[in-house]
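Student:
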Amino acid sequence: MRIMICGGNGQLGRDCLRVFQKNNTVQAFGSLDLDITSQELVEKMITTVSPDVVINCAAYTNVDKSEGDAELARKINALGAGYVARACSAIDVPMVHISTDYVFDGKKELPLSYAETSATSPLGVYGRTKLEGEQLVARNAEKHMIVRTAWLYGAHGNNFLKTMLRLALADSDRTIRVVNDQYGSPTWTLRLALQLEKLVMVKGHGIYHATSEGYCSWYELAAYFLKKMDVSHSIAPCTTAEYPTPATRPGNSILDNTRLKRGEINRMTGWRHGVDLFVSRYRNDLIEECSSS
Ligand SMILES: NC(=O)c1ccc[n+]([C@@H]2O[C@H](COP(=O)([O-])OP(=O)(O)OC[C@H]3O[C@@H](n4cnc5c(N)ncnc54)[C@H](OP(=O)(O)O)[C@@H]3O)[C@@H](O)[C@H]2O)c1
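If you're matching positions, the sequence shown starts at 408 in our numbering and goes up one per residue.
In structure tokens:
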């Protein structure tokens, strides 16, 4: 198959390239090669590449910055996604679109989780623009898979795990306060890319949740990861109220992979297993990258 990836330089985009290129011809585009906010360019590029499937990993992902940059966030997360959907529909190919736990308000009590059919109610600009993106994709691309995920980390780009590692390596005695009252399922981008490959193979349709199994708090994740990395640190738990951010974050980000399980196509594994594999594969690279920056 010919696979086209938008947002190919991001952490998920890079792992999609790696997974899909094993058995397919893949063309991945960064924002400089294909800016999805240009409808004309999107149409031209998708027509020229003439792929069998388009995977849209492109997004405005800075949750806090989006609060003051709503117009650009909407252009990329909503309108841009809609342009990709239209262009896919015009050549009758499926679109895989990546969305987020931030479409929910996270007010469910633990350990309740959100299914694909749960009511959406985003708390901020990022979540609202991603939800509008979902709606435009569903409306404009007849063949679509909208895959909601959460708490991504990967070898490429920046993420929470690398931030924790950088801080610990810079000064292992400095107390780092980490939020211990927001819960979610840390998900490795490589594992998610394998799940997307499965969804493409079975020609999925509609909304899917795809996160690691199980859940933890940000503090529990940081502690587990740094222990696995064998890096000394002084992290300490704190509450959301003690660590205010411009964007309000969902307290409960736990998604249930209901449709993947029902369809017997769930390739997601426990979050600890993902972190274990990530560390065993990348420990030295991570230390090198996070020591020097
Ligand atoms: N990170 C998370 O924890 C998380 C959680 C839930 C859902 N998601 C969703 O998962 C998907 C992938 O996230 P990620 O973590 O891989 O994000 P990421 O590393 O920030 O990558 C996003 C990519 O989007 C590209 N992009 C931005 N504006 C663009 C534009 N106008 N046209 C084309 N490309 C553009 C960027 O390209 P350049 O680098 O080339 O500028 C960037 O590489 C996104 O849909 C995100 O909303 C992420």
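We put the beta carbon where it would ideally sit given N, CA and C, even for glycine.
Taking the straight line between their C-alpha atoms, what separation do you get for A600 and A577?
Tutor: Spanning the two alpha carbons is a distance of roughly 32 Å.
Student: Mind checking whether the beta-carbon of A557 lies closer than 8 Å to any heavy atom of ligand 1?
Tutor: Yes.
Student: Count the other CB atoms, across all protein chains shown, that sit within 10 Å of the CB of E695; report buried if there are 16 or more and exposed otherwise.
Tutor: Exposed.
Student: Short of 6 Å in beta carbon distance, which residues of its chain neighbour A494, apart from the five on each side in sequence? Order them along the chain.
Tutor: Same-chain partners within the cutoff: V449, E450, I453.
Student: Around the C-beta of L419, are 16 or more other C-beta atoms found within 10 angstroms, so that it is buried, or is it exposed?
Tutor: By the 10 Å Cβ count, L419 comes out buried.
Student: Quick check: is any heavy atom of ligand 1 less than 8 Å from the C-beta of G420?
Tutor: Under cutoff, so the answer is yes.
Student: Using 8 Å as the threshold, is the segment 408-425 in touch with the segment 559-567, meaning 3 or more CB pairs across them?
Tutor: Flag = yes, the segment 408-425 and the segment 559-567 touch.
Student: Determine the extent of the beta strand (DSSP E) in which G613 is found, giving its start and end residues.
Tutor: Run containing G613: 613-616, per the beta strand (DSSP E) assignment.
Student: My understanding is that E604 touches V426, with C-beta atoms under 8 Å, so please give their C-beta distance in whole angstroms.
Tutor: Right, the Cβ-Cβ distance comes to about 5 Å (below 8 Å), so this counts as a contact.
Student: When DSSP builds the beta bridges, which residues end up paired with I620?
Tutor: Checking the displayed sequence, the identity of residue 620 turns out to be Glu instead of Ile. E620 pairs with G677.
Student: Less than 9 Å between the beta carbons of K537 and V510, yes or no?
Tutor: Yes, Cβ-Cβ distance for K537 and V510 is below 9 Å.
Student: Could you give the distance in angstroms between the alpha-carbon of I498 and the alpha-carbon of H616?
Tutor: Each residue's alpha carbon lies about 27 Å from the other.
Student: Do you know offhand how far W595's Cα is from T455's?
Tutor: The straight-line gap from Cα to Cα measures roughly 32 Å.
Student: Please list, in chain order, all residues of the same chain as C697 whose beta carbon is under 8 Å from its beta carbon, the five residues on each side excluded.
Tutor: So the list reads K569, L572, R573, L576, once near-sequence residues are dropped.
Student: Shorter than 8 Å, the distance from the beta carbon of F632 to the closest heavy atom of ligand 1, or not?
Tutor: Not so, every heavy atom of ligand 1 lies at least 8 Å from the Cβ.
Student: Alpha carbon to alpha carbon, how far is I412 from R584?
Tutor: So the two alpha carbons sit approximately 37 Å from each other.
Student: Can you tell me which of N430, T556, E447, I462 puts its alpha carbon nearest to the alpha carbon of G437?
Tutor: Nearest of N430, T556, E447, I462 to G437, Cα basis: I462.
Student: Short of 7 Å in beta carbon distance, which residues of its chain neighbour S721, apart from the five on each side in sequence? Order them along the chain.
Tutor: Any property of residue 721 remains undetermined from this structure, which presents the chain solely from 408 to 700.
Student: Please classify L439: does DSSP put it in a helix, a strand, or coil?
Tutor: In this structure, L439 counts as coil in the three-state DSSP scheme.
Student: Going along the chain, which residues of its own chain have a beta-carbon closer than 6 Å to the beta-carbon of F685, five neighbours each way excluded?
Tutor: So the qualifying residues of the chain are W595.
Student: Closer than 8 Å: is that where the CB of S525 sits relative to any heavy atom of ligand 1?
Tutor: No - ligand 1 has no heavy atom lying nearer than 8 Å to the Cβ of S525.
Student: So who's on the other strand from R555, going by DSSP bridges?
Tutor: Answer by DSSP bridge pairing, in chain order: S506, H616.
Student: What do you reckon, is the C-beta of C413 under 8 Å from a heavy atom of ligand 1?
Tutor: For ligand 1, at least one heavy atom lies less than 8 Å from the Cβ of C413.
Student: Mark G613 as exposed unless 16 or more other C-beta atoms lie within 10 angstroms of its C-beta, in which case mark it buried.
Tutor: By the 10 Å Cβ count, G613 comes out exposed.
Student: Is the segment 472-492 touching the segment 541-557 in the sense that three or more CB pairs, one from each, lie closer than 8 Å?
Tutor: With the cut-off at 8 Å, the segment 541-557 and the segment 472-492 touch.
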